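Down below is the structure, laid out as structure tokens.
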DNA sequence: AGCTAGTTGCGAATGAGACGCAACAACGAA
DNA sequence: TTCGTTGTTGCGTCTCATTCGCAACTAGCT
Ligand SMILES: [Mn+2]
Ligand SMILES: [Mn+2]
Ligand SMILES: [Zn+2]
Ligand SMILES: [Zn+2]
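Protein chains in written order, with our numbering: chain A, 1 to 168; chain B, 1001 to 1168.
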């Protein structure tokens, strides 16, 4: 039995199956709009925003609402089947440390802590990267839970984000 | 002449000097509100959002406007003296690839490309990290310019972001 | 076929940021 | 020190992504 390296379309099919299976397992109803959103998400190789997903879904199902797309995306996110880029979902956060350093991001409270590591600073990227363009800066983003959130038993999924804004 | 390891307050002073020097060099006026914002930024060890900075500045100068804080932050950002967290300044972007992988972020057009690297997947973080909490996931974010943006001579500073939304 | 709890679409609300503009005020020149 | 030029400020307004409330549906079980 030969096993070919999964190509894009094969991965897409797998992902779609994953979404529906997980939904069924979670007792979530498989509405036609959800199925279509699943198809679009399973097929994408990029990092779309909600509106891009909405547009793609509308091409096939013109009546889906913006809201349903958002709700489905966050639901999948809660199930750990889609991720979001960057540490903060809401407002822009600034960093006054412009030297080389890395980040520990707490998924519970949103706190971001710097850490330094000479090893990580000089990280070698795979050679194929040079064909993409020019890289100016490389940094590591480690996600997890800080001690406080661990003790508080806060969930990993960034749900109860009651804003740990600093500089109070 | 002894040279102690720069502590927080020393680094703060240095940073303040840097801000004012760079501003003067750029012909930017040193208004009292800017100076106060500089002080707050120079003193912070965290990753505040604009509102947190505004609150901190208001404690000393109750009349500063939200807008002035924004303008100053972006000005410093343009000068390369403050950074922002994460690849996207505006809307949330989703990632359907939940397996271990890393990102190439183009600062010109906003495109984010996946890349894989077994070496980077198993990255060892410095030991001190264990005292912060538990890390579930580690990924590398490499920022730069993609070939298209390099050829187009687009600036590194994410200015001309005329939205490269995919799934068109 | 009938129930019922989970969903949908919509119109309205929220909230971060950006903008336009008239009153102001740094700061180099005189 | 005074003045004039220009960059700045604060405010009211505007935009636009994301969220809410809710009444009208409907997937999925019986
Ligand atoms: Mn940082
Ligand atoms: Mn990705
Ligand atoms: Zn935390
Ligand atoms: Zn680009």
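Cβ coordinates follow ideal geometry from the N, Cα and C atoms, glycine included.
Just so we're clear, the structure is a prediction, and the values are computed from it rather than from any experiment.
Please confirm whether any heavy atom of ligand 2 lies closer than 7 Å to the CB of residue i.
i: residue 137 of chain A; result: no
i: residue 1114 of chain B; result: yes
i: residue 1047 of chain B; result: no
At a cut-off of 7 Å, is residue i close to ligand 3 when judged by its beta-carbon and the heavy atoms of the ligand?
i: residue 148 of chain A; result: yes
i: residue 1109 of chain B; result: no
From this set, the options, which residue's C-alpha is nearest residue i's C-alpha?
i: residue 1039 of chain B; options: B/1054, B/1028 and B/1143; result: B/1054
i: residue 1128 of chain B; options: A/18, A/83, A/115 and A/42; result: A/115
i: residue 137 of chain A; options: A/121, A/60, A/46 and A/148; result: A/121
i: residue 48 of chain A; options: B/1110, B/1008 and B/1046; result: B/1110
i: residue 108 of chain A; options: A/151, A/126 and A/16; result: A/151
i: residue 1099 of chain B; options: A/15, A/131 and A/22; result: A/15
i: residue 1126 of chain B; options: A/21, A/119, A/125 and A/126; result: A/119
i: residue 1017 of chain B; options: B/1135, B/1052 and B/1035; result: B/1035
i: residue 1023 of chain B; options: B/1059, B/1075 and B/1124; result: B/1075
i: residue 8 of chain A; options: A/46, A/30, A/26 and A/31; result: A/46
Since residue i and residue j should fall inside the 8 Å C-beta cutoff, what is the C-beta to C-beta distance between them, to a whole number of angstroms?
i: residue 1112 of chain B; j: residue 1143 of chain B; result: 10 Å between Cβ atoms; not a contact.
i: residue 1148 of chain B; j: residue 92 of chain A; result: In fact, because the Cβ distance is near 25 Å, the residues do not count as touching under 8 Å.
i: residue 1044 of chain B; j: residue 96 of chain A; result: 6 Å
Confirm, please, whether the CB-CB distance from residue j to residue i is below 8 Å.
i: residue 146 of chain A; j: residue 1086 of chain B; result: no
i: residue 1117 of chain B; j: residue 1103 of chain B; result: no
i: residue 64 of chain A; j: residue 73 of chain A; result: no
i: residue 61 of chain A; j: residue 33 of chain A; result: yes
i: residue 1019 of chain B; j: residue 1042 of chain B; result: yes
i: residue 57 of chain A; j: residue 37 of chain A; result: yes
i: residue 10 of chain A; j: residue 1139 of chain B; result: no
i: residue 94 of chain A; j: residue 1084 of chain B; result: yes
Say yes only if the C-beta of residue i is nearer than 7 Å to one or more non-hydrogen atoms of ligand 1, and no if none qualify.
i: residue 1097 of chain B; result: no
i: residue 1077 of chain B; result: no
i: residue 101 of chain A; result: yes
Less than 7 Å separating the Cβ of residue i from some heavy atom of ligand 4?
i: residue 1104 of chain B; result: no
i: residue 1153 of chain B; result: no
i: residue 1145 of chain B; result: yes
*asked:* So if I threshold CB-CB distances at 7 Å, which residues from the stretch 1087-1104 of chain B count as touching chain A?
replied: Of all residues in the stretch 1087-1104 of chain B, the ones placed with a Cβ closer than 7 Å to any Cβ belonging to chain A are 1087, 1088, 1089, 1091, 1092, 1093, 1094, 1095, 1096, 1098 and 1104, in chain order.
*For the stretch 1138-1155 of chain B, which residues have a CB atom closer than 9 Å to at least one CB atom of chain A, in sequence order?*
So the close ones are 1138, 1139, 1140, 1141, 1142, 1143, 1144, 1145, 1146, 1147, 1148, 1149 and 1150.
*Members of the stretch 63-83 of chain A that neighbour chain B once the beta carbon cut-off is set at 9 Å*: Cβ contacts with chain B come from 73, 76, 77, 80, 81, 82 and 83.
*Relative to chain B, which residues along the stretch 103-121 of chain A have a C-beta separation below 9 Å, given in chain order?*
Hits within the stretch, in order: 103, 104, 105, 106, 107, 108, 111, 112, 113, 114, 115, 116, 117, 119 and 120.
*With 8 Å as the limit, tell me which residues of the stretch 1008-1024 of chain B have their beta carbon closer than that to any beta carbon of chain A; keep them in chain order.*
Those residues of the stretch 1008-1024 of chain B that come within reach of chain A (Cβ to Cβ, closer than 8 Å) are 1015.
_Cβ-based contacts, 9 Å cut-off: residues of the stretch 1120-1135 of chain B near chain A_ = Sequence-ordered contacts of the stretch 1120-1135 of chain B with chain A read 1120, 1123, 1124, 1125, 1126, 1128, 1129, 1131, 1132, 1133, 1134 and 1135 [C-beta pairs closer than 9 Å].
*Of the residues that make up the stretch 1049-1061 of chain B, which ones have a beta carbon closer than 8 Å to any beta carbon in chain A?*
Cβ contacts with chain A: 1049, 1050, 1051, 1052, 1053, 1055 and 1056.
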